[in-house]
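Numbering-wise, this note's numbering comes out as the position in the sequence shown, counting from 1, plus 2. Even for Gly, the Cβ is constructed at its ideal location relative to N, Cα and C. As structure tokens, the structure follows; a few thoughts come after it.
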Amino acid sequence: MSQSRLKSCIPLPIDHKMLVSVIEKAKDWALMHGVGMRDKKHFNKDVIQIAPFVLLPSPFPRTEFNKAVELQPILNELMHKVAHDDEFLEKTLQNALQVDEFTANLFDIWVKVREEGITQPISLGMLRSDIMLESRCPHTENQCAKHTPYCSWKQVEINSIASGFGHLGPVSKDIQSFGLFRSDYLMQRDGNRIKQVEFNTIASSFGALTSHLPAMSRYILRQLGHGDLIKNMPENRALSGLCTGITDAYDLFGVPSAVVLFVVEEVSYNICDQRFHEFEISEKRPDIMIYRKTLNEIYEETRLNEKKQLILEDRPVAVVYYRSGYEPAQYPTTKEWDARLRVEKSSAIKCPSIHYQLAGTKKVQQALAAPGVLEKFMGAGATTGRVRDIFAGLYSLDFDENGERAVDMALADAERFVLKPQREGGGNNVYGADIRDALLRMRHSRERAAYILMERILPPLVAGYVVRPGAAVPPPITDLVSELGIFGVIIGTKDKIYCNKQVGHMLRTKLADANEGGVAAGLGALDSPYLL
Ligand code: ADP
Ligand code: MG
Ligand code: MG
Numbered sequence: 003m004s005q006s007r008l009k010s011c012i013p014l015p016i017d018h019k020m021l022v023s024v025i026e027k028a029k030d031w032a033l034m035h036g037v038g039m040r041d042k043k044h045f046n047k048d049v050i051q052i053a054p055f056v057l058l059p060s061p062f063p064r065t066e067f068n069k070a071v072e073l074q075p076i077l078n079e080l081m082h083k084v085a086h087d088d089e090f091l092e093k094t095l096q097n098a099l100q101v102d103e104f105t106a107n108l109f110d111i112w113v114k115v116r117e118e119g120i121t122q123p124i125s126l127g128m129l130r131s132d133i134m135l136e137s138r139c140p141h142t143e144n145q146c147a148k149h150t151p152y153c154s155w156k157q158v159e160i161n162s163i164a165s166g167f168g169h170l171g172p173v174s175k176d177i178q179s180f181g182l183f184r185s186d187y188l189m190q191r192d193g194n195r196i197k198q199v200e201f202n203t204i205a206s207s208f209g210a211l212t213s214h215l216p217a218m219s220r221y222i223l224r225q226l227g228h229g230d231l232i233k234n235m236p237e238n239r240a241l242s243g244l245c246t247g248i249t250d251a252y253d254l255f256g257v258p259s260a261v262v263l264f265v266v267e268e269v270s271y272n273i274c275d276q277r278f279h280e281f282e283i284s285e286k287r288p289d290i291m292i293y294r295k296t297l298n299e300i301y302e303e304t305r306l307n308e309k310k311q312l313i314l315e316d317r318p319v320a321v322v323y324y325r326s327g328y329e330p331a332q333y334p335t336t337k338e339w340d341a342r343l344r345v346e347k348s349s350a351i352k353c354p355s356i357h358y359q360l361a362g363t364k365k366v367q368q369a370l371a372a373p374g375v376l377e378k379f380m381g382a383g384a385t386t387g388r389v390r391d392i393f394a395g396l397y398s399l400d401f402d403e404n405g406e407r408a409v410d411m412a413l414a415d416a417e418r419f420v421l422k423p424q425r426e427g428g429g430n431n432v433y434g435a436d437i438r439d440a441l442l443r444m445r446h447s448r449e450r451a452a453y454i455l456m457e458r459i460l461p462p463l464v465a466g467y468v469v470r471p472g473a474a475v476p477p478p479i480t481d482l483v484s485e486l487g488i489f490g491v492i493i494g495t496k497d498k499i500y501c502n503k504q505v506g507h508m509l510r511t512k513l514a515d516a517n518e519g520g521v522a523a524g525l526g527a528l529d530s531p532y533l534l
């Protein structure tokens, strides 16, 4: 099935001379406001280059954007409950743990911490729920005729269709049977509604960089003579919102001499995004000192005192914010695991605590979509229905009847799915024909239980220009698809939630034919939503 299409916010193509000039201005704006990254290929700590970005803000339906924003505190609370349900986490992860060493190591730390007794019951979640628009209408003709709230019908000028059917995407073949033809309009069935890709509980990035993006897009639109459009661009206060998570947790810790510790990679390519958090906190809370340490440095330079405070340079650590520690390569030796265990045992408030990280696994996401599970956490009300509605099809690959059925389904039509291991950070999933190969290889191996199967979301296309560091200017017009992330902050213990809010968003956009779009991985580009 072909993908539907959303119109770009201004008519394309942009005149060549104008385009070259605006891209030059936009690149300078990006560089001079820190919309940048370090170059992986020619690493030089002193050099920041532009982060890849999309020249024009990508269209996003306003109602779906608002829905995602409204759902965020509900999802925050759901994940908070999941993270504190020991039995559920244990049961959900048990098969994956037997074959996935990384998740098993995280789980072991959680077991050890609980055995010793939890020193710090408060957790800080700086979360990001990732969402794509599913362009396919989910309904049968009958349901659509009843105008269910899930499916919108859009008026489309018939002239546009004559000038290019493909531009408008699929027009329902049942249009005639519903008698919706009019002299100059046609109703197009348009399913564009949000579906959750995943829920990140550790090192959710790009809140800082994308907080600059609306201002950058406003500047670009004005340079293109379309300043009137900026009213459709929502402000994004992700950076300040996320930082209040850290400072609120710091205040709950309540020790004036305490410091904040960012756990960072050996080399931070995404340095601007991380440093802006530090600058923001330093500006608002000059009393708070922030350190950046790798897990190895934490191993070497910290200790636990008799009160189980994590001591760094003779001062207790109030908050530990992980921007590393989410993938196996970040634990090259046992020292890194020992450091992680020390932090988890300490009284510092962790973002995330180890059980939050476990709650963010793909396996948990899949388990939440199983019948009756959301109800267990949220009751059976309308809100539960709203959450379920954003879940795509998610299937366990365990060795039982359901798992076998899922394998058969994927082997029969691999293009319909994404195969996901228990990993974070992008580049780990399996797509298309590779799913067949992987499942045939794993069909009788326990390794299978470390994966989940997810229905592939087919977002609408939008034409646009991607600006990349070092690439030829102007870039070609290409078909793009977007992924929206909504940031949330939650602070609480098992029984008490101190703070729970939605704090901002990020949009990243990739070439329509790319499987993944991680910006840090060099595939995606920073973007901001243009609300329709
Ligand atoms: P990670 O934790 O590694 O980021 P994700 O589940 O977000 O894992 O997958 C990485 C990327 O793969 C996403 O950003 C998205 O581009 C793509 N992707 C993941 N799941 C789907 C899906 N169900 N449909 C379409 N694309 C997907
Ligand atoms: Mg993730
Ligand atoms: Mg992701």
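- In this structure, G428 sits away from G487, with a CB-CB distance that is not shorter than 7 Å.
- Taking 7 Å as the cut-off, the Cβ atoms of A210 and D275 count as close.
- Contact annotation, E72 with I499: C-beta distance approximately 18 Å; criterion of less than 8 Å not satisfied.
- Of all C-beta pairs linking the segment 355 to 368 to the segment 406 to 424, three or more are shorter than 8 Å, placing the two stretches in contact.
- Taking the Cβ atoms as the reference, L509 lies roughly 7 Å from T212, within the contact range of under 8 Å.
- In this structure, the straight-line span from the alpha carbon of G362 to that of P258 is close to 32 Å.
- Annotation for G227 indicates a beta carbon at 6 Å or more from all heavy atoms of ligand 1.
- In this structure, Q359 places its C-beta atom within 7 Å of the C-beta atom of L108.
- Judged by the Cβ position, N431 qualifies as a neighbour of ligand 1 at the 6 Å threshold, a heavy atom of the ligand being closer than this.
- If you check the C-beta of E299 against ligand 3, you find no heavy atom less than 6 Å away.
- At a threshold of 6 Å, E200 counts as near ligand 3, since its beta carbon sits closer than that to one of the ligand's heavy atoms.
- Distance check between I300 and each of V265, P373, Y323 places V265 closest, using alpha-carbon atoms only.
- Listed in chain order, the beta strand (DSSP E) elements of length 3 or more contained wholly in the segment 30 to 76 are 60 to 62.
- For N107, the uninterrupted alpha helix (DSSP H) run begins and ends at 103 to 118, by DSSP.
- Relative to ligand 1, the nearest heavy atom lies less than 6 Å away from the CB of V420.
- Contact between H44 and A240 does not hold, since the beta-carbon distance rounds to 30 Å and is not under 8 Å.
- In this structure, E315 has its CB at a distance of at least 6 Å from all heavy atoms of ligand 2.
- Counting only residues of its own chain and dropping the five nearest sequence neighbours on each side, P471 has a CB closer than 6 Å to the CB of Q51, I52.
- Remark: three or more beta-carbon pairs, one from each stretch, lie closer than 8 Å, so the segment 437 to 453 and the segment 394 to 404 are flagged as touching.
- M218 sits in a helix when the DSSP states are folded into three classes.
- By a beta-carbon distance limit of 8 Å, I392 contacts I196. Their separation comes to about 5 Å.
- Of the other Cβ atoms in all chains shown, 16 or more fall within 10 Å of the Cβ of R130; this residue is therefore buried.
- Annotation for G428 indicates a beta carbon within 6 Å of some heavy atom of ligand 1.
- With a threshold of 6 Å, the Cβ atom of D529 does not count as near ligand 3, since no heavy atom of the ligand is closer than that.
- Considering only L58, H214, K93, K309, the residue with the shortest C-alpha distance to G227 is L58.
- Taking a C-beta distance under 7 Å as the contact criterion, D132 and E200 qualify as a contact pair.
- M128 is bridged by DSSP to V491.
- Contact annotation: L126 and G247 have beta-carbon atoms nearer than 7 Å.
- Around the beta-carbon of Q332, 16 or more other beta-carbon atoms lie within 10 Å, marking it buried.
- Y323 and P15 have their C-alpha atoms spaced approximately 43 Å apart.
- When rounded, the separation of the alpha-carbon atoms in R438 and A412 is 7 Å.
- Taking the Cβ atoms as the reference, G490 lies roughly 21 Å from Q122, outside the contact range of under 8 Å.
- Short note on I283: C-beta not closer than 6 Å to any heavy atom of ligand 1.
- Pairing I273 with R116 gives a Cβ-Cβ distance that is not under 7 Å.
- Taking a contact as a CB-CB distance under 8 Å, the pair S60 and P531 counts as one, their CB atoms being some 7 Å apart.
- The straight-line gap separating the alpha-carbon atoms of S349 and K310 is approximately 6 Å.
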